[in-house]
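Chemist: My structure is below; once you've seen it, I'll send some questions.
Residue numbers (our numbering): 10 to 402.
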């Protein structure tokens, strides 16, 4: 029945003279999302609206699911066309639309028209009244409610006439690519994929870095991270995943530094390496899934210690979330079930029994000097041997 979608957006609408740039990026992201869909689509802008028109047969459910993952879309409205063959034909089309879409007619309704074509012979108020009368004549069991109708019949009169009543919620946010690019420190846990999703929702393109520690972490642990990146890519577009072999660095830190400080010092080197890759790839910041007080490495003192090694800003969108709030987002976006698979990542292998929770920055710096003899070479090798995986949904 439906042959097209009207796409609604929210924040983009207040962008003033730059709005067209955001609209163009939204159209681009929609084209990418629908590229692998069963069917061909024409996407175009028209007087403050964006339309997706199917060019022949298409999988309706698949198209909707892909559009529901495009940041910047606030609503997806399945529409049908009515040819401009006179008002009588339009009234017939509205009546047929109600019959097809709403088998149960015991509902309240309202007609809301928008006349973008000012040469149309009827004004909006007259269109609303006359189409409402046609529906009531066809289905006397229906009643008009202009304040809180169960069905809002929207009619947009443009070059074509569009009819729709359902608004499928989109993810909101801003189109990916309008907010620069940042580097996500991606692990196999629950938090970091959610952090990446939340930053991507603000229009930021994602690259990612994963720290792998074979043989202490398995290939299945690495595949788990790739799978998480693929789920996030469904929203954020293709993710360039940089895989760093971190084993020798971890072992060296384990050998040279106090064990209660292993997590903090290890984390500082992760941040250093992630920033190095970020600068090489024109990223404007780092993204982590840290939340204050969740674990020993995420106390305020620990965050100060890890921040200190970075010159780029570190974005922590989950900083004030509790675990249940993070889990709820993970379940919503589809990463939770993958995140809880029992494959250890490098952050959990070398955890001390009693990690320091309030590290003294001067003490941490002093103990890092124990690494001076070999750490730079190990970091160089890790960067030179990194693996790049381009992950697409």
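Even for Gly, the Cβ is constructed at its ideal location relative to N, Cα and C.
(1) Kindly give me the distance between the Cβ atoms of residue 214 and residue 185, rounded to whole angstroms, as I take these residues to be in contact under 8 Å.
(2) Output the distance between the C-alpha atoms of residue 36 and residue 122, rounded to the nearest integer angstrom.
(3) Do residue 473 and residue 307 have their C-beta atoms within less than 8 Å of each other?
(4) Rounded C-beta distance between residue 299 and residue 328? I'm assuming under 8 Å.
(5) Per DSSP, residue 15 forms a beta bridge with which residues?
(6) Could you tell me which of 42, 25 and 29 sits nearest to residue 244, measuring between CA atoms?
(7) What whole-angstrom Cβ distance do residue 111 and residue 160 have, given they're in contact under 8 Å?
(8) On the CB-based measure, 16 or more other CB atoms within 10 Å of its CB, does residue 337 come out buried or exposed?
(9) What are the partner residues of residue 50, as DSSP defines its beta bridges?
(10) For residue 64, does the count of other Cβ atoms within 10 angstroms reach 16, so buried, or fall short, so exposed?
(11) Using 8 Å as the Cβ pair cut-off and three pairs as the minimum, do the segment 93–111 and the segment 129–143 touch?
(12) Secondary structure at residue 174, three-state DSSP: helix, strand or coil?
(13) State whether the segment 162–175 contacts the segment 116–131, with contact taken as three or more CB pairs (one from each stretch) at a distance under 8 Å.
(14) Are there 16 or more other CB atoms within 10 angstroms of the CB of residue 362, so buried, or fewer, so exposed?
(15) Mind checking residue 399: buried by the 16 CB within 10 Å criterion, or exposed?
(16) Do residue 280 and residue 260 have their C-beta atoms closer together than 8 Å?
(17) Distance check for residue 353 and residue 108, CA to CA, integer angstroms please.
(18) Can you look up residue 131 in the DSSP assignment and give me helix, strand or coil?
(19) Unbroken beta strand (DSSP E) runs of length 3 or more, entirely within the segment 336–398: which are they?
(20) Below 6 Å CB to CB, which residues in the same chain sit around residue 365 once its five sequence neighbours on both sides are set aside?
(21) Could you tell me which residues DSSP pairs with residue 124 in its beta bridges?
(22) Run through DSSP, which three-state label would residue 297 get?
(23) For residue 176, which residues in the same chain have their Cβ closer than 6 Å to its Cβ, ignoring the five residues on either side in sequence?
(24) Short of 8 Å in beta carbon distance, which residues of its chain neighbour residue 52, apart from the five on each side in sequence? Order them along the chain.
(25) For the beta strand (DSSP E) that residue 330 lies in, which residues bound it at each end?
(26) So for residue 185, helix, strand or coil by DSSP?
(27) Extract the residue ranges of the alpha helix (DSSP H) inside the segment 191–235, only unbroken runs of 4 or more that lie entirely within it.
Modeler: On the basis of the data shown:
(1) Contact flag correct, Cβ pair sits at about 6 Å.
(2) Each residue's alpha carbon lies about 25 Å from the other.
(3) Shown here, the chain extends from 10 to 402; a query on residue 473 therefore has no answer.
(4) With 8 Å as the limit, residue 299 and residue 328 qualify as a contact, their Cβ atoms being about 7 Å apart.
(5) Under the DSSP definition of a beta bridge, residue 15 partners with 60 and 86.
(6) Among 42, 25 and 29, the Cα nearest to that of residue 244 belongs to 42.
(7) Between residue 160 and residue 111 the Cβ distance is about 6 Å, and since that is below 8 Å, they are a contact.
(8) It is exposed - the Cβ of residue 337 has fewer than 16 other Cβ atoms within 10 Å.
(9) Paired residues: 63.
(10) Counting Cβ neighbours within 10 Å, residue 64 comes out exposed, since fewer than 16 surround it.
(11) In this structure the segment 93–111 touches the segment 129–143; the number of beta carbon pairs closer than 8 Å is three or more.
(12) Here residue 174 carries a coil assignment [DSSP, helix/strand/coil].
(13) Using a Cβ-Cβ distance cut-off of 8 Å, the segment 162–175 and the segment 116–131 are in contact, since at least three pairs of beta carbons, one from each stretch, lie closer than that value.
(14) Exposed: under 16 other Cβ atoms inside 10 Å.
(15) If you draw a 10 Å sphere on the C-beta of residue 399, you find fewer than 16 other C-beta atoms in it, and that means exposed.
(16) No.
(17) Cα-Cα distance, rounded: 55 Å.
(18) In the three-state DSSP reduction, residue 131 falls in the coil class, being neither helix nor strand.
(19) DSSP runs (the beta strand (DSSP E)) wholly in the segment 336–398: none.
(20) Closer than 6 Å at the Cβ level, and outside the excluded window around residue 365, lie 269 and 270.
(21) DSSP, once it has assigned bridges, lists 166 as partnering residue 124.
(22) Three-state result, residue 297: coil.
(23) Excluding sequence positions up to five before and after residue 176, its CB lies within less than 6 Å of the CB of 84 and 86, all in the same chain and listed in chain order.
(24) Cβ contact annotation for residue 52 (same chain, cutoff 8 Å, sequence separation greater than five): 36, 39, 40, 43, 59, 60, 61 and 62, in chain order.
(25) For residue 330, no beta strand (DSSP E) encloses it, and the DSSP letter there is neither H nor E.
(26) In this structure, residue 185 counts as coil in the three-state DSSP scheme.
(27) Annotation: the segment 191–235 contains the following complete segments of the alpha helix (DSSP H) (minimum length 4 residues), in chain order: 200–209.
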